[in-house]
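Residues in the sequence shown are numbered from 1 upward in steps of one, following the UniProt record's numbering.
Each residue gets a CB set at the ideal place from its N, CA and C atoms; glycine is no exception.
What follows is a short report on a single structure.
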Amino acid sequence: MLQKCSHGRGIKGVLFEKEDQSLKKLYAVVHKCLQDLNILHRLYKVHLSKVCKNKYLGIVLLCELVQRKKIDGGGKLKREVMKREKEILQLYNDLKEEENRKQSNDISQSKIQTKYFTIYEEGNIIAEELKRTLEIEKDEDVEMLYKINSKNVKKLIDSSFYKQDKIRIIDKTSCLVVQSGNIKKGMVIVDVCSSPGSKAIFSLFYLNKKGYLICIEKDRKRCYTLLKEILKNNEYVGLYTDDNFSDKNKFELNENNFFSKKKDLHVYYIKHIDNELTIKIYNCDFFSLSSKDFSPFHSIDVVFIDPSCSSSGMPDFALKEKMRSAFYSTGGSGSGEGSGSGEGSGRGEGSGRGEESRSGDVVELANARGGEVAPSVKEDIDAVVETKRKKVRNANYNMYSDIARGVIPQVPATLTRKVKRLSDFQKKILNHALVNLKTAKTFIYSTCSFFEEENEQVVENALQENQNLCLENAGKEKFLFRSGKYIFSDKCVRTFPEKHSCRGIFVSRICRTG
């Protein structure tokens, strides 16, 4: 289970794959392992790495010991752990104390105290009732958005309004993305990578019962989620298999219909009860669509592109980064189990003497022979040494201190390759939109990532690859990033959790000039 979580799966999703009488206990163990992963990983390296090659099992046993002071089962490995019980518990307490001291300065440990929601219908009546019982208030930045203290969210979920689908909990950052589109009643909107539906649903508020919304979602399960979320609002009717909206082409959205009976269907329609707003949903790869698919629209007003990203702006990113550091090596030919030492832990740098010492040998040999190192060789050596030092700095780098100061962080060593792949994909999808949605006027490119490689560099590439484009302000002054190094940085929105009480996002507004 811990291994599946380390691959990016959610705890609850993993738990409910199989029926088990001990769900609560299993949840507690896995949750605690993930919560204390940095410390447990250090305990494993010091006390168990030589006797236990299964790091996942070792960490679970260590977690059991430090939390319960005993281990159920475990056999020979349990005996090895218990031999070292005193030393393990002492080191755990020391590391825990050290971690607690750092928490006050670590943004990764801070929690956003404000949550947000929107009201589907009878807004004023519901809002007034909730103000009396839950101390809600209107958000100062986004219309039709309400905020509530995190401690009262459970009461909100338990309310009849939530259970009757009259309320939707939504993240403020999704609303800021939609706000940047400046949507008006009657517009034509395209939402690429649409699930789970927050941007689409908030766009519908601005369309105000009239217009056309096209949603595109490749993944079948995520598309099902998207459709369910849209239809929670009782003002929308569907699903239909065509835009004639005849009853004979209407079917109920449920798992049996969607995943079995209608599994070969990949285009769906939903309408507003007033018949002036249509939603068309593509369950397909955006790259399979071309300008021909959008040709029926003489003009498209806004296109939202919110592709897959590192999610470094999300609250759970710190936990995922802990797992990457603990379980995966990023260097050379490191295996999945890896040594956890980050960049360069595979062959080469991790095998005794690294590049820096080998470079020093070249210089020493030349000096011993009374000669000088050729300038070109010296440059190569300097580059190798600097690369080595950079990797060491990166290994000790804490991105959250930068985020706390409102500074764009570096990409951690464990994520360099992944972010490079994501950046290439993001450039590709943004350029595909710019080339194929020829009648579109405005493109909103956004991510929930802090990293420049996924944001400004992607926008810069789009400006270089396509003509007649410019950037306009993507939001209110308080969200515009004034400290960037790009000529367009001050037109882009960047949010930081401590400063803006929401997740970290990047938003840019790219417009055609001709």
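- Of Val60, Ala200, Thr495, the smallest CA-CA separation from Leu213 is found for Ala200.
- Cβ-Cβ distances below 7 Å link Phe258 to Tyr224 in the same chain, with the five nearest sequence neighbours on each side left out; the list follows chain order.
- The three-state secondary structure of Gly475, taken from DSSP, is coil.
- In the three-state reduction of the DSSP assignment, Leu469 falls in the strand class.
- Taking all protein chains shown into account, Arg421 has fewer than 16 neighbouring C-beta atoms within 10 Å of its C-beta and is therefore exposed.
- Assignment of Ser501 by DSSP, reduced to helix, strand and coil, places it in the coil class.
- The Cβ atoms of Cys502 and Asp165 do not sit closer than 8 Å to each other.
- Annotation: Leu40 to Gly406 spans about 31 Å, alpha carbon to alpha carbon.
- Rounded to the nearest angstrom, the gap between the Cα atoms of Ile167 and Val46 is 50 Å.
- Per DSSP, the continuous alpha helix (DSSP H) segment holding Ala404 begins and ends at 399 to 404.
- Burial is judged here by how many other beta carbons sit within 10 angstroms of a residue's own beta carbon; Gln179 has at least 16 and is buried.
- Counting other Cβ atoms within 10 Å of its Cβ, Ala28 stays below 16 and is therefore classed as exposed.
- Under the rule that a run must span 4 or more residues, the alpha helix (DSSP H) segments found entirely inside the segment 120 to 192 read 123 to 134, 153 to 158, 160 to 163, 172 to 179.
- Pairing Phe481 with Cys492 gives a Cβ-Cβ distance under 8 Å.
- Contact annotation, Ala462 with Leu434: C-beta distance approximately 6 Å; criterion of less than 8 Å satisfied.
- For Thr442, the enclosing beta strand (DSSP E) stretches over residues 440 to 447.
- Excluding its 5 nearest sequence neighbours in each direction, Arg84 has C-beta neighbours in its own chain below 6 Å: His47, listed in chain order.
- By the neighbour-count criterion, in which a residue is buried when 16 or more other Cβ atoms sit within 10 angstroms of its Cβ, Lys70 is exposed.
- The Cβ-Cβ distance between Ser312 and Phe451 falls below 8 Å.
- The continuous alpha helix (DSSP H) containing Thr416 extends over residues 416 to 436.
- By DSSP's assignment, Val303 forms a beta bridge with Val190, Phe443.
- Per DSSP, the unbroken beta strand (DSSP E) holding Thr278 starts and ends at 277 to 282.
- Using a Cβ-Cβ distance cut-off of 8 Å, the segment 294 to 303 and the segment 222 to 238 are not in contact, since fewer than three pairs of beta carbons, one from each stretch, lie closer than that value.
- Put simply, of Met82, Asn100, Asp72 the residue whose alpha carbon is nearest the alpha carbon of Asp36 is Asn100.
- Bridge partners of Ser508 according to DSSP: Tyr445.
- The C-alpha of Ser174 lies about 14 Å from the C-alpha of Pro315.
- Going by C-alpha positions, Cys33 is about 20 Å away from Val51.
- When the Cα atoms are used, Ser203 and Ala318 turn out to be separated by approximately 30 Å.
- Contact between Thr513 and Asn468 holds: their C-beta atoms lie close to 5 Å from each other, under 8 Å.
- Excluding its 5 nearest sequence neighbours in each direction, Cys511 has C-beta neighbours in its own chain below 8 Å: Lys441, Thr442, Phe443, Leu469, Cys470, Leu471, Glu472, listed in chain order.
- The shortest C-alpha to C-alpha distance from Ser446 to any of Gly504, Asn398, Pro412, Asp490 is the one to Gly504.
- When the five nearest sequence neighbours on each side are left out, the beta carbons in the same chain lying within less than 7 Å of the beta carbon of Val142 are those of Lys172, Cys175, Leu176, Gln179, in order along the chain.
- Setting aside the 5 residues that flank it on each side, Met399 is surrounded in the same chain by Pro409, Gln410, Pro412, each with a C-beta closer than 7 Å to its C-beta; the list follows chain order.
- Ranked by Cα distance from Leu253, the options Ile273, Leu277, Lys221 are led by Lys221.
- Annotated three-state conformation of Tyr44 is helix, per DSSP.
- The Cβ atoms of Tyr116 and Lys147 lie closer than 8 Å to each other.
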